[in-house]
Structures are given as C-alpha cells and as structure tokens.
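**Student:** Take this structure, written in structure tokens, and hold onto it; I'll ask about it next.
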Amino acid sequence: ATQVSQVQDLITQNIDALIYIPAGATAATVPTKTAKAAGIPVINVDRNADGAPGDTFIATNSVASAKAVCDYIAKQAGGKGELIIIHGQKGTTPEVDRSKGCGEALSAYPDIKVVGELWSEGWHQDEGFKLTQDLLQSHPDVSIVIGQADALALGAAQAVKVANPGHKVWVAGFDGDVAALKALKGGVFDVTATQQTQGMGRLAVDAAIKLVAGETVPTEQLQDATLTTKDNVDQFIAKHP
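Start counting the sequence shown at 4; every next residue gets the next number (my numbering).
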C-alpha cells in the first residue's frame with residue numbers, strides 16, 4: 004500500500020520515467036499499470052508485475068542461476084540426503100524463478116529428498132532462522148538447506164549452528180550482498196549467486212533515457228549471476244559487481 008501511494012504521488016509530479024523495484028507481488032502490478040496509463044515509461048527491476056505491463060524488465064536470470072547453485076550444493080552433499088527450502092515471498096518473480104531453477108537441478112538427483120519447504124514474508128534473516136529452526140525440529144537429518152536469498156541463508160546457518168545436528172549441513176544462498184560474501188568467506192555458509200546489481204542499475208537508467216527519447220528497448224533484459232564459493236569470493240568482496 005505504501006509503494007502504491009508513493010508511485011501515485013510521483014505520477015502527480017509529472018515524472019518522465021519510473022524505475023520501479025516492487026516490494027512484493029501485489030505492489031508490482033497496480034503502480035506499473037497506473038504509470039503506463041499516464042503515459043509514463045516503466046522500467047521494472049528485480050520483480051516483474053503480473054502480465055508484464057511495463058516497458059522493460061531488468062533482473063538476474065534467476066532460473067539459470069538458481070539451477071547452478073542447487074546443482075553445486077547437491078554435488079557437494081554427495082548427491083544424496085534430506086533437503087529443505089526456505090523460500091522468498093510467495094509469488095514474487097525471484098521466488099518463482101529460483102524455485103523453478105532449483106527444481107530443474109534437483110531433478111537430476113533422485114537420492115536427494117525435499118522433506119520440507121516454508122515461505123518467508125519479507126526475505127529477512129530472522130525469518131530464515133525461525134523457519135529453518137521449525138523444519139529442523141521436524142527433520143533432524145537434513146543435510147542441505149536452500150535459502151532463496153542470502154539473508155535467509157544466513158538465518159538458516161544460524162539455526163543449524165544452534166541445532167548442532169552432529170553432521171555437516173550444506174547451506175546455499177542467493178544474491179551476493181556484501182555482508183553475505185564476507186560470511187561466505189568465513190565459512191558461515193557454502194555457496195551463493197552474486198548478482199550484477201550495479202550493472203542492473205546502469206541498465207535501468209539507460210533504458211529510462213532511451214524510452215524518454217522515444218527509442219525502443221528489449222522487453223526483458225536478464226543478467227547472469229556468478230556462482231560464488233570460498234574459492235572465488237574475494238574478487239566479489241573487493242569489487243562488488
């Protein structure tokens with residue numbers, strides 16, 4: 004509701020273009036359609052509106068990147084074991100795409116069993132902790148935890164530490180934010196996908212300038228994220244993409 008009113012306020016200020024990162028699935032659609040109805044070009048970043056009514060959508064290729072993360076963690080776990088997934092906010096573009104990509108990867112590992120899945124409301128670390136804690140109580144033999152964002156993975160890793168299961172639990176994240184990269188280097192969790200956040204920001208501004216000038220831009224501009232482990236994390240800490 005807050006974002007909807009904020010965008011409506013911006014529209015009344017006669018803005019030339021709107022670069023918009025929706026807070027959630029519901030917040031994505033109404034502001035985008037409202038701006039378009041007012042003749043304002045809309046650049047959606049990270050999360051797309053239902054039906055993709057904006058002019059362009061710029062995001063990470065979450066399907067391919069999540070597939071790479073889940074394939075890596077499955078291999079590290081020896082291709083077998085019990086797995087739980089801590090999802091992002093249900094129905095948002097990243098949650099849907101990361102679920103799809105991970106599912107594609109896990110289909111190649113019949114000896115890995117998904118024993119539990121829970122959804123967060125806001126992708127927050129404290130949610131990752133609580134949801135993982137709940138699942139570990141029901142499934143103490145879990146050896147793989149997939150957090151669909153680094154904050155969720157950090158919370159999950161904390162829950163694993165508290166549970167002290169007596170066996171290795173592999174933890175995967177997604178995003179590549181600076182705090183998580185440092186935690187990854189320190190061995191707090193095992194793998195993430197580092198997004199090109201600065202690159203996406205530049206693309207969004209470039210797209211806005213072109214659209215205002217009457218030029219056309221691709222309706223979808225997906226960027227690769229880089230599989231990141233302790234072996235290559237230093238380069239991303241030194242210069243966050």
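C-beta: ideal position from N, C-alpha, C; glycine also. Please read these numbers as outputs of a predicted model, since none were measured by experiment.
1. Rounded to the nearest angstrom, what separates Leu35 and Ile14 at their Cα positions?
2. Does the Cβ of Gln140 have 16 or more other Cβ atoms within 10 Å, making it buried, or fewer, making it exposed?
3. Over the uninterrupted alpha helix (DSSP H) stretch that includes Ser102, give me the two end residues.
4. What does DSSP give as the partner residue(s) for Phe60 in the beta ladder?
5. Does DSSP put Glu124 in a helix, in a strand, or in coil?
6. So, with DSSP's three-state summary, where would you put Lys116?
7. Using a 10 Å radius around the Cβ and a threshold of 16 neighbouring Cβ atoms, would you call Glu85 buried or exposed?
8. How many Å lie between Ala62 and Thr96 at the Cα?
9. Anyone know if the C-beta pair for Val282 and Ala38 falls short of 8 Å?
10. Could you say if the stretch 151-161 and the stretch 187-194 meet the contact criterion of at least three C-beta pairs nearer than 8 Å?
11. I need the boundaries of the alpha helix (DSSP H) containing Thr5, first residue and last residue.
12. Can you name the start and end residues of the alpha helix (DSSP H) that Thr200 belongs to?
13. Kindly indicate which residue of Gln224, Ala241, Lys171 and Gly27 has the alpha-carbon position closest to the one of Val145.
14. Let me confirm a value: Ala154 is counted as buried when at least 16 other C-beta atoms fall within 10 Å, else exposed. Which label applies?
15. Taking 8 Å as the cut-off, decide whether the C-beta atoms of His243 and Gln151 are in contact.
16. Tell me the rounded alpha-carbon separation between Ile240 and Gln198.
17. Within the same chain, show all residues whose beta-carbon is closer than 8 Å to that of Tyr56, passing over the 5 residues directly before and after it, in chain order.
18. Determine the contact status of Thr229 and Ala196, defining contact as a CB-CB distance below 8 Å.
19. Could you tell me the distance, in whole angstroms, from the CA atom of Val10 to the CA atom of Ile115?
20. Going by the CB atoms, is the gap between Ala211 and Ala20 shorter than 8 Å?
21. What are the residues that DSSP puts in a beta bridge with Gly84?
22. Can you name the start and end residues of the alpha helix (DSSP H) that Gly158 belongs to?
23. Look up Gly131 in the DSSP assignment and say whether it is helix, strand or coil.
24. Buried or exposed for Ala156, please, with buried defined as at least 16 other CB atoms from any protein chain shown within 10 angstroms of its CB.
25. If you follow the beta strand (DSSP E) that Ile24 is in, where does it begin and where does it stop?
26. I need the DSSP call for Asp144, collapsed to helix, strand or coil.
**Tutor:** Taking the definition as stated:
1. As a working mapping, residue 35 is identified with position 32 in the sequence shown. As a working mapping, residue 14 is identified with position 11 in the sequence shown. Per the sequence shown, residue 35 should be read as Thr rather than Leu. Each residue's alpha carbon lies about 11 Å from the other.
2. As a position in the sequence shown, residue 140 is number 137, starting the count at 1. Label assigned to Gln140: exposed.
3. Here residue 102 corresponds to residue number 99 of the sequence shown, with the count starting at 1. Where Ser102 is concerned, the enclosing alpha helix (DSSP H) stretches over Thr96 to Leu109.
4. Counting from 1 along the sequence shown, the entry for residue 60 is found at position 57. Looking at the DSSP assignment, Phe60 forms a beta bridge with Asn47 and Glu223.
5. Working through the sequence shown from its first residue, we reach residue 124 at position 121. Glu124 falls in the coil class under three-state DSSP.
6. To locate residue 116, count along the sequence shown from 1; it is residue 113. It is a strand residue.
7. For the purposes of this step, residue 85 is identified with residue 82 of the sequence shown, where counting begins at 1. Under this definition Glu85 is a buried residue.
8. Counting from one through the sequence shown, the residue named residue 62 turns up at place 59. Counting from one through the sequence shown, the residue named residue 96 turns up at place 93. If you take the alpha carbons of Ala62 and Thr96, they lie about 9 Å apart.
9. The chain is shown only over 4 to 244; residue 282 falls outside these bounds and no answer can be derived.
10. Output reads yes: the stretch 187-194 touches the stretch 151-161.
11. Within the sequence shown, the letter at position 2 stands for residue 5. It spans Thr5 to Thr15 - the alpha helix (DSSP H) in which Thr5 sits, taken as one unbroken run.
12. Translated into positions along the sequence shown, residue 200 becomes position 197. Boundaries of the alpha helix (DSSP H) around Thr200: Thr200 to Val215.
13. Position 142 of the sequence shown holds residue 145. Out of Gln224, Ala241, Lys171 and Gly27, the CA that lies nearest to the CA of Val145 is found in Lys171.
14. Reading the sequence shown from its first residue, position 151 is the one you call residue 154. Only buried fits Ala154, as 16 or more other CB atoms lie within 10 angstroms of its CB.
15. As a working note, residue 243 is residue 240 in the sequence shown. As a working note, residue 151 is residue 148 in the sequence shown. In this structure, His243 sits away from Gln151, with a CB-CB distance that is not shorter than 8 Å.
16. Position 237 of the sequence shown, counted from the start, is the residue given in the question as residue 240. Position 195 of the sequence shown, counted from the start, is the residue given in the question as residue 198. Rounded to whole angstroms, Ile240 to Gln198 spans 13 Å at the Cα level.
17. As a first step, residue 56 must be located in the sequence shown, where it is residue number 53. The question names Tyr, but residue 56 in the sequence shown is Pro. The answer, listed in chain order, is Thr32, Thr35, Lys36, Lys39 and Val45.
18. Translated into positions along the sequence shown, residue 229 becomes position 226. Translated into positions along the sequence shown, residue 196 becomes position 193. Yes, these two residues count as a Cβ contact at 8 Å.
19. Here residue 10 corresponds to residue number 7 of the sequence shown, with the count starting at 1. Here residue 115 corresponds to residue number 112 of the sequence shown, with the count starting at 1. Taking the straight line joining both Cα atoms gives about 44 Å.
20. Against the sequence shown, residue 20 aligns to sequence position 17. Against the sequence shown, residue 211 aligns to sequence position 208. Taking 8 Å as the Cβ cut-off, Ala20 and Ala211 qualify as a contacting pair.
21. Here residue 84 refers to the residue found at position 81 when the sequence shown is read from its first residue. DSSP lists Ile115 as partners of Gly84.
22. Position 155 of the sequence shown, counting from 1, holds the residue named residue 158. Taken as a continuous stretch (DSSP letters only), the alpha helix (DSSP H) holding Gly158 covers Asp153 to Ala166.
23. Counted from its first residue, the sequence shown places residue 131 at position 128. Helix at Gly131.
24. Here residue 156 is taken as the residue at index 153 of the sequence shown, counted from 1. The residue is buried, with at least 16 neighbouring Cβ atoms inside 10 Å.
25. As a first step, residue 24 must be located in the sequence shown, where it is residue number 21. No residue range can be given for Ile24, since it is assigned to no beta strand (DSSP E) and is classified by DSSP as neither H nor E.
26. Locating residue 144 in the sequence shown gives position 141, where the first residue counts as 1. Looking at Asp144 - three-state DSSP - the assignment turns out to be coil, as it is neither helix nor strand.
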